[in-house]
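For what it's worth, the working numbering labels the leading residue of the sequence shown as 13, then goes sequentially. Cβ atoms here follow ideal geometry from the backbone N, Cα and C, with glycine treated the same way. The structure under discussion appears below in the form of structure tokens.
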Amino acid sequence: MLEREESEFYDAVIVGAGHSGLYMLHKLRGLGFSAIVLEAEDDIGGTWYRNRYPGLRCDVESVLYSYSFDEDLDQEWEWSERFPAQPEILDYLNHVADRFDLRRDIVLNSEITGATWDDDARAWTLRAVNGKSYRGRFCLMATGILSVPSMPSDELTGAFEGEWYHTANWPKDPVDFTGKRVGVIGTGSSAVQVIPRLAEQASHLYVFQRTPAFAIPANNYRLDDDYRAWWRENFRGVREKNRWGTIVGFGDTRMDDRYRVAPVPSALDATPEERRARYQMFWDMGGGQITIGYPDLIVNEDANRTLADFTEQKIDEIVSDPETADALKPRGFPVGTKRPCLEIGYYEAFNRDNVTLVDLRRDPLARTAEHGIETRSGACYALDALVFATGYDAVTGALVRMNIQGRRGTELAAKWAAGPVAYLGLMTADFPNLFMLLGPTSPSAFTNCISSIEQHVDWIADLLVTMRGDKQEVVEVTSDAEEAWSRHAAELVGQTLFPKANSWYMGDNIPGKPRRMLIYVGGMASYREKCNAVAAAGYEGFVFSGPTAVVSS
Ligand code: N01
């Protein structure tokens, strides 16, 4: 493990050694900046290191869920499957770390518990849990949008005498559930992936469902030589489209205009037969693209209902028991307003004799007892193990927990108590020289995150190079700029159906978290254009200062 002198001063201190932190380090180093990465875990990989539950794979195609900044890297790494499994993504990140010799500037086991801006020194000091501190001119938060698990309350775990796990905090050694009675709480993306795998092992699996998922077949497959030849020939064009969000990765990278361009502007303009054929085409292709099968699915409830009807028919076709099928149908929110889940054998799992769906909408959870779970009706489910697939304090969770203090002691958690505000999702006023990667109101989860990360890193790096050339040391955003951006982001959300669901997108899943859309819904292309325009206009909305005076605004 890297040991560093605490007295050392860096141009940039980066928090987190996942996809964002690794590329940020590589980019800054290449530009001649000194940088260090502080990572909480005992190895690199971020979200893909800590999440290692059985069945975990990405819902973005492997060839796109990878960096595009180096063509040789792009060509030499061969993905084995369409949707990459967690171990392969982690292998890839380790390969990147080795290939670009990144480890020498990464300090592991260094969870950051505080970060403070010093106006006089124009620097950030970051304190790690092990008592060490690190100083740098710029601080880059590469802390991930899904890195803080939403842990079950003591009420849910306290009395339970069996073993329990959270999907986002899985043990390194494989857990053997053979012959055990297992309960899974939650039915989001993590649960949809882990349930079929647990069903293969457990003597009996109880799925405790509060809100049914909207799950679409992944149609995963192994990538063969033909696919690789196609990729080698086309990767530049595909990457470029992906950068602008034309392909967001949730569909088939090779898809043609039959999929991309809807034949009519509204699902309601198509005949039932035409709609069914189109939804079936997406269903067979696999991936989440079906939710944008017509442009109005996410803005018009009636149009959205047509997709919900299609999904319900599919569940009826797959799940043998009509009562179970009915309980599995996503209701109470428009489809796509909660993250669609990609499934491999999820609905089929409920046809197994050893799997029982417990519908908490009908019979809510009452308490966790020593030997299992009791519901309000008095039903008792005896369990040897519990798996919580209860999600994350998404997007802002890691940032507000870190005790970040900006100018005049302003605390980030206090500033965002009513909801996060950030200009372009990159910076927030009163926190000079602090950048966020995949920050709130950036497009993050509505894009292929790797494209977003590359956009942020490149854009921030350009800004730092400009500052170096202009001999400026401090950059910050104005309150006006961040308020205008937040207003614009909120106006766009108001035109969609997203507010109609209780989702982690809106912060609903964490008690006390303000209800606010955490992600920019305007799309990657308009976000990228806006960032480019801001830079071209001399970094409009940003204020720079040199060692002594404000020089530009
Ligand atoms: O978390 P979630 P996740 N009692 O928040 C339930 C990404 N991801 O880890 O909806 C009972 O979606 C909760 O119920 P409800 C992806 O972006 C990607 O599954 O609040 N139930 C819900 O069912 C995804 O969206 C991949 O009523 C409780 C579930 O737990 C994001 O991560 C794989 C409860 C939480 O679902 C988060 O997914 C995995 C309680 N007290 C994750 N508390 C891929 O790339 C919570 N729930 C494919």
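Test item: CB-CB of residue i and residue j under 8 Å
i	j	result
Val204	Tyr77	no
Thr453	Tyr532	yes
Thr125	Val108	no
Ile228	Ile302	yes
Met448	Gly437	yes
Val399	Leu168	no
Ala127	Gly30	no
Phe556	Trp129	no
Phe362	Thr387	no
Thr478	Ala171	no
Gly300	Pro352	yes
Met518	Arg527	yes
Ile26	Met36	yes
Ser32	Leu450	yes
Ala621	Ala315	With the chain covering only 13 through 565, there is no way to say anything about residue 621.
Opening and closing residue of the beta strand (DSSP E) in which residue i lies
i	result
Val367	367-371
Ile101	Premise fails: Ile101 lies in the alpha helix (DSSP H), 98-111, not in any beta strand (DSSP E).
Glu145	Looking at the sequence shown, residue 145 is not Glu but Ser. Its beta strand (DSSP E) spans residues 145-153.
Arg248	Per DSSP, Arg248 belongs to no beta strand (DSSP E); it is in the alpha helix (DSSP H), 237-255.
Glu386	384-387
Leu377	377-381
Asp166	Where Asp166 is concerned, there is no enclosing beta strand (DSSP E), although the alpha helix (DSSP H) it sits in stretches over 166-169.
Asp424	Note on identity: in this sequence residue 424 is Leu, with Asp being the wrong assignment. Careful: Leu424 lies outside any beta strand (DSSP E), inside the alpha helix (DSSP H) at 424-427.
Phe345	Run containing Phe345: none; DSSP gives neither H nor E here.
Tyr22	21-27
Met448	446-448
Val187	Counting along the chain, Val187 falls outside any beta strand (DSSP E), and DSSP gives it neither H nor E.
Leu309	Taken as a continuous stretch (DSSP letters only), Leu309 belongs to no beta strand (DSSP E), as it is neither H nor E.
Leu50	47-50
Residue i in three-state terms, based on DSSP
i	result
Ala140	strand
Leu504	helix
Trp176	strand
Lys350	coil
His38	helix
Asp511	Per the sequence shown, the amino acid found at residue 511 is Pro instead of Asp. Pro511 falls in the helix class under three-state DSSP.
Phe322	helix
Thr265	coil
Asp492	helix
Ala339	helix
Gly519	coil
Gly33	helix
Trp129	strand
Ser564	Because the pLDDT of Ser564 is 38, which lies under 50, any placement of that residue in the model is unreliable, and the question is left without a value.
Arg193	strand
Tyr218	strand
Met13	Because Met13 carries a pLDDT of 44, less than 50, the predicted location of this residue cannot be relied on, and no value is offered for it.
Pro229	strand
Glu552	coil
Leu398	strand
Gly558	coil
Pro66	coil
Ala135	strand
Ser74	coil
Heavy atom of the ligand ATP within 7 Å of residue i beta-carbon
i	result
Thr199	Of the ligands this structure carries, namely the ligand N01, none is the ligand ATP.
Residue range of the alpha helix (DSSP H) that includes residue i
i	result
Pro284	284-297
Met479	461-482
Gln213	201-213
Trp60	59-62
Glu88	83-88
Val412	409-412
Cys392	Looking at the DSSP string, Cys392 is not in any alpha helix (DSSP H); the run it does join, the beta strand (DSSP E), is 392-394.
Ser538	536-548
Ala361	358-361
Supposed close pair residue i, residue j - CB separation, criterion 8 Å
i	j	result
Arg234	Glu93	6 Å
Arg149	Glu485	6 Å
Thr199	Thr179	Contact doesn't hold; Cβ gap of about 12 Å is too wide.
Leu217	Val196	7 Å
Ser162	Gly403	5 Å
Arg240	Glu83	Arg240 to Glu83, Cβ: 15 Å. No contact.
Ser145	Thr59	Wrong, their Cβ atoms sit about 26 Å apart, outside the cutoff.
Ile385	Leu395	6 Å
Gln221	Leu372	6 Å
Leu509	Glu313	6 Å
Chain C within 8 Å of residue i, Cβ atoms only
i	result
Gly534	Looking at the structure shown, chain C is missing, and only one protein chain is on hand.
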